[in-house]
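Visitor: In the working numbering, the protein residues as written are 422 to 582.
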């Protein structure tokens, strides 16, 4: 079984009751909303990743103001590889996603061309539950609302006494 680890950094940017989201083609071609962000390049600091990715996907320059937490997911699935992608093997994929709170410092809203997203928009926080979205949107907003000291919902650090 092939094991793959992907480290990524994502942004939660909230202002005036709205959250900045990007739209990505989802499974079967149905678009889904995502937090702006993406994978770290080898040797790149995740702090720099989130700044780069937000600008690429939305046009905004941002400053991270807090590390909200870490979201981790693991799934096993079949994958195709080799010439013509005819060979199959199982891939154990582990995603580690650092979630930052960011604030806009410059730039202007625009859409990414030739990248992983095709649209960026401010969405009302109250409207998010009705959007077609990836689970990380909810996880990121939960981290933003709860701000758990240990960086993980339901984990409140070491108890004293």
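Ideal placement from N, C-alpha and C gives every residue a C-beta, glycine not left out.
Would residue 561 be called buried (16 or more neighbouring beta carbons within 10 Å of its own) or exposed?
Guide: It is buried - the Cβ of residue 561 has at least 16 other Cβ atoms within 10 Å.
Visitor: By DSSP, does residue 580 sit in helix, in strand, or in coil?
Guide: Reliability fails at residue 580, whose pLDDT of 48 lies under 50, so the model's placement of it is uncertain and no value is given.
Visitor: For residue 494, which residues in the same chain have their Cβ closer than 6 Å to its Cβ, ignoring the five residues on either side in sequence?
Guide: So the list reads 516, once near-sequence residues are dropped.
Visitor: Would you mind working out which of 496, 485, 437 and 544 sits nearest residue 471, comparing C-alpha positions?
Guide: The residue with the shortest Cα to Cα distance from residue 471 is 485.
Visitor: Would you decide whether residue 444 is buried or exposed? Buried here means 16 or more other CB atoms lie within 10 Å of its CB.
Guide: It is buried - the Cβ of residue 444 has at least 16 other Cβ atoms within 10 Å.
Visitor: Tell me where the alpha helix (DSSP H) around residue 566 begins and ends.
Guide: 556-567 is the span of the alpha helix (DSSP H), which, as asked, contains residue 566.
Visitor: So the alpha helix (DSSP H) residue 451 belongs to, where does it begin and stop?
Guide: Unbroken run through residue 451: none, as it is neither H nor E.
Visitor: Starting from the C-beta of residue 498, find all residues in its chain whose C-beta is less than 8 Å away, skip the five residues before and the five after it, and write them out in chain order.
Guide: Closer than 8 Å at the Cβ level, and outside the excluded window around residue 498, lie 511, 512 and 514.
Visitor: Let me make sure I understand the geometry here. Which of 559, 528 and 548 has the alpha-carbon closest to that of residue 479?
Guide: Cα-wise, what sits closest to residue 479 is 528.
Visitor: Using alpha carbons as the reference points, say which of 571, 572 and 518 lies closest to residue 428.
Guide: If we check each option's Cα against that of residue 428, 518 comes out closest.
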